[in-house]
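This report concerns only the one structure given below.
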Amino acid sequence: MFSKIWDTETGTCKQQLRAVSEVQYVVHFYLDGPNSMLVGQGNCHIVKWDMCANQVVQEYNQHQSAIKLLTLFNDNWQFMLNSDDKSMHMWEYRIPVVIKLVANPVMHSVLAVALHLNDKWLAGQSMDNHIVMYSTGDRFKIHLHKEFHGHVMARFACQLVISLDSCVVVSGDAEGSV
Numbered sequence: 142m143f144s145k146i147w148d149t150e151t152g153t154c155k156q157q158l159r160a161v162s163e164v165q166y167v168v169h170f171y172l173d174g175p176n177s178m179l180v181g182q183g184n185c186h187i188v189k190w191d192m193c194a195n196q197v198v199q200e201y202n203q204h205q206s207a208i209k210l211l212t213l214f215n216d217n218w219q220f221m222l223n224s225d226d227k228s229m230h231m232w233e234y235r236i237p238v239v240i241k242l243v244a245n246p247v248m249h250s251v252l253a254v255a256l257h258l259n260d261k262w263l264a265g266q267s268m269d270n271h272i273v274m275y276s277t278g279d280r281f282k283i284h285l286h287k288e289f290h291g292h293v294m295a296r297f298a299c300q301l302v303i304s305l306d307s308c309v310v311v312s313g314d315a316e317g318s319v
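Residue numbers (this note's numbering): 142 to 319.
See the structure below:
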């Protein structure tokens, strides 16, 4: 499998990054500049890829299912990985050790996330038809009193957004409603 880097002005492929026969679900350019990116793969790993050297320079591998979502926050110094294994792992830049694990036997997969502009709140679209709020400040924690429900997801990763004034959370659902 390949990740391709495209020139948006000419439409030509500038570079192909070859993975180790794994599907690549999510890609983000990263802090080290335009030559470094994070790639979430189907083998439960996320890798930091150096495009100049065309090789993996760091690997994060604590999930038990394919990586489906990568969210950067706190000025891109921390990131959160979500997958179908019903857990969320938090990492710090350049440290391949999980700093926070959010997992619960009754927790459902969170496959869509919206980050507030102030980087202090994160809304997660849970597959049990709930929107769950998390704080991303000094301590990453769930806020159970700020939970929204009344929509149907039906295993779709419908996107959501938080308004600029933090008063409204908007989400689509499987029935075509907003």
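Note that CB positions come from ideal geometry on N, CA and C, so glycine has one too.
- Task: Please list the segments of the beta strand (DSSP E) lying wholly inside the region 201-274, counting only runs of 3 or more residues, in order along the chain.
- Result: 208-214, 219-224, 228-233, 236-244, 251-256, 262-267
- Query: Is the beta carbon of residue 231 sitting closer than 7 Å to the one on residue 268?
  - Reply: no
- Residues bridged to residue 178 (per DSSP): In the DSSP output, where bridge partners are listed per residue, residue 178 has 170, 190.
- Compare the Cα-Cα distances from residue 219 to each of 315, 233, 212 and report the closest residue. 233
- According to DSSP, which residues form a beta bridge with residue 277? 281
- residue 183 beta carbon less than 7 Å from that of residue 167: In this structure, residue 167 sits away from residue 183, with a CB-CB distance that is not shorter than 7 Å.
- Query: With C-beta atoms as the reference, is residue 208 less than 7 Å away from residue 222?
  - Reply: yes
- Message: If distances are taken between C-alpha atoms only, which option among 301, 316, 315 comes closest to residue 309?
- Response: Nearest option by C-alpha distance: 301.
- Please report how far the alpha carbon of residue 263 lies from the alpha carbon of residue 212, in whole angstroms. The alpha-carbon separation between residue 263 and residue 212 amounts to approximately 10 Å.
- Local conformation of residue 288 per DSSP, three classes: strand
- Near residue 198, which residues of its chain fall below 6 Å by C-beta distance, leaving aside the five closest residues on each side in sequence? 189, 191
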